[in-house]
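Visitor: One line per chain: the protein sequences are A and B, in this order. Start counting the first sequence at 1; every next residue gets the next number (my numbering). Start counting the second sequence at 1001; every next residue gets the next number (my numbering). Idealized CB from N, CA, C, for every residue including glycine. Please read these numbers as outputs of a predicted model, since none were measured by experiment. Quick one: structure below, then a few questions.
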Amino acid sequence: TQLLEQSPQFLSIQEGENLTVYCNSSSVFSSLQWYRQEPGEGPVLLVTVVTGGEVKKLKRLTFQFGDARKDSSLHITAAQPGDTGLYLCAGAGTNAGKSTFGDGTTLTVKP
Amino acid sequence: KAGVTQTPRYLIKTRGQQVTLSCSPISGHRSVSWYQQTPGQGLQFLFEYFSETQRNKGNFPGRFSGRQFSNSRSEMNVSTLELGDSALYLCASSWTGHRNTEAFFGQGTRLTVV
């Protein structure tokens, strides 16, 4: 069974601060996706990383896929209250159509 | 392009009843996956359908079943509801469901079993 561990589980910061959340596994994933979910809504896809060592930037968000494709990080620069939400990573393994999700990091950005 | 649509958004059922949830994928998407999300267990994979066939299955009891129609719309059924079935049920659609294909989620159906 492929497992993804996300850390920290909860993070509360002030507006303007930087933060990094992590997604780690002992398994290799062919790709990894990051989602953000707001209460009562479905997860919204932020990015997909495929190549080991890949770095993708989405405005103030920087995503990195580990060289061995077992881990990933999400760095947010100058966090804003609108960044508040549950950040989920999901790994695509060997079975098509079946992603493994981490338990998520709940981020609260206070104004 | 319309997103993934799930109906109903909210549902309240009593123990022992059964329920059917519906998911309409993005037009052109042939893969539909279902997930159960609870505060304690996170997002748990239920099953995935592709071209009307169940292609993958998670570790849920047989009370949870699904199907997919020729237009790719999918339904999920839960029979003999238990209190622990209360959760947000999410479906995700993708073009092929292949490993690197991005999945897009609906808003979910919030099921409460009383």
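On the three-state DSSP scale, how would you describe Leu1083 (chain B)?
Guide: For the purposes of this step, residue 1083 (chain B) is taken as the residue at position 83 of the second sequence. If DSSP states are grouped into helix, strand and coil, Leu1083 (chain B) belongs with the helices.
Visitor: Between Phe101 (chain A) and chain B, is there a C-beta pair that is closer than 8 Å?
Guide: The residue labelled residue 101 (chain A) in the question sits at position 101 within the first sequence. Yes, Phe101 (chain A) counts as interfacial toward chain B.
Visitor: Step through the CB atoms of chain A and report whether any lies within less than 8 Å of the CB of Gln1018 (chain B).
Guide: Locating residue 1018 (chain B) in the second sequence gives position 18, counting from the first residue. For Gln1018 (chain B), the answer is no, since every Cβ of chain A falls outside 8 Å of its Cβ.
Visitor: Ignoring anything shorter than 3 residues or poking outside the segment 36-101 of chain A, list the beta strand (DSSP E) runs there in chain order.
Guide: You should have 44-49, 55-58, 61-65, 71-76, 85-92, 99-101.
Visitor: Would you mind stating whether Leu32 (chain A) and Leu46 (chain A) have Cβ atoms separated by less than 8 Å?
Guide: What you label residue 32 (chain A) is simply residue 32 of the first sequence in a count that begins at 1. What you label residue 46 (chain A) is simply residue 46 of the first sequence in a count that begins at 1. Cβ distance not < 8 Å, so Leu32 (chain A) and Leu46 (chain A) don't count as in contact.
Visitor: Determine the direct distance from the alpha carbon of Arg1015 (chain B) to that of Lys57 (chain A), and round the result to whole angstroms.
Guide: Taking the first sequence and counting its residues from 1, one reaches residue 57 (chain A) at position 57. Taking the second sequence and counting its residues from 1, one reaches residue 1015 (chain B) at position 15. Lys57 (chain A) and Arg1015 (chain B): Cα-Cα distance of roughly 47 Å.
Visitor: Please list, in chain order, all residues of the same chain as Thr84 (chain A) whose beta carbon is under 7 Å from its beta carbon, the five residues on each side excluded.
Guide: Locating residue 84 (chain A) in the first sequence gives position 84, counting from the first residue. Excluding sequence neighbours, Thr84 (chain A) sits near Leu107, Thr108, Val109.
Visitor: Cα-Cα, which of B:Gln1037, B:Val1004, B:Ser1031, B:Thr1005 is closest to Phe1060 (chain B)?
Guide: The residue labelled residue 1060 (chain B) in the question sits at position 60 within the second sequence. Nearest C-alpha to Phe1060 (chain B): B:Gln1037.
Visitor: Give a yes or no on whether the minimum CB-CB distance between Ser1033 (chain B) and chain A is below 8 Å.
Guide: In the second sequence, the residue the question calls residue 1033 (chain B) occupies position 33. Closer than 8 Å to some Cβ of chain A, the Cβ of Ser1033 (chain B) qualifies, so yes.
Visitor: Cβ of Lys70 (chain A) within 8 Å of Cβ of Ser25 (chain A)?
Guide: Position 70 of the first sequence, counting from 1, holds the residue named residue 70 (chain A). Position 25 of the first sequence, counting from 1, holds the residue named residue 25 (chain A). Going by C-beta atoms, Lys70 (chain A) is nearer than 8 Å to Ser25 (chain A).
Visitor: Shorter than 8 Å from the beta carbon of Gly66 (chain A) to some beta carbon of chain B?
Guide: The sequence position of residue 66 (chain A) within the first sequence is 66, counting from 1. By this cut-off, Gly66 (chain A) is not an interface position.
Visitor: Would you call the segment 1073-1081 of chain B in contact with the segment 1006-1021 of chain B, where contact means no fewer than 3 C-beta pairs closer than 8 Å?
Guide: In short, these stretches touch, since the Cβ pair count reaches three.
Visitor: Rounded to whole angstroms, how far is the Cβ of Gln6 (chain A) from the Cβ of Gly102 (chain A), which I believe are closer than 8 Å?
Guide: Counted from its first residue, the first sequence places residue 6 (chain A) at position 6. Counted from its first residue, the first sequence places residue 102 (chain A) at position 102. Between Gly102 (chain A) and Gln6 (chain A) the Cβ distance is about 4 Å, and since that is below 8 Å, they are a contact.
Visitor: Let me know the secondary structure DSSP gives Gln1017 (chain B) once reduced to three states.
Guide: Sequence index remark: in the second sequence, residue 1017 (chain B) carries index 17 (1-based). Coil at Gln1017 (chain B), not helix or strand.
Visitor: To which residues does DSSP link Arg1067 (chain B) through a beta bridge?
Guide: As a position in the second sequence, residue 1067 (chain B) is number 67, starting the count at 1. Paired residue(s): B:Glu1075.
Visitor: Check whether chain B comes within 8 Å of Lys98 (chain A), counting only Cβ atoms and requiring the distance to be less than that.
Guide: Numbered from 1 along the first sequence, position 98 holds the residue referred to as residue 98 (chain A). Closer than 8 Å to some Cβ of chain B, the Cβ of Lys98 (chain A) qualifies, so yes.
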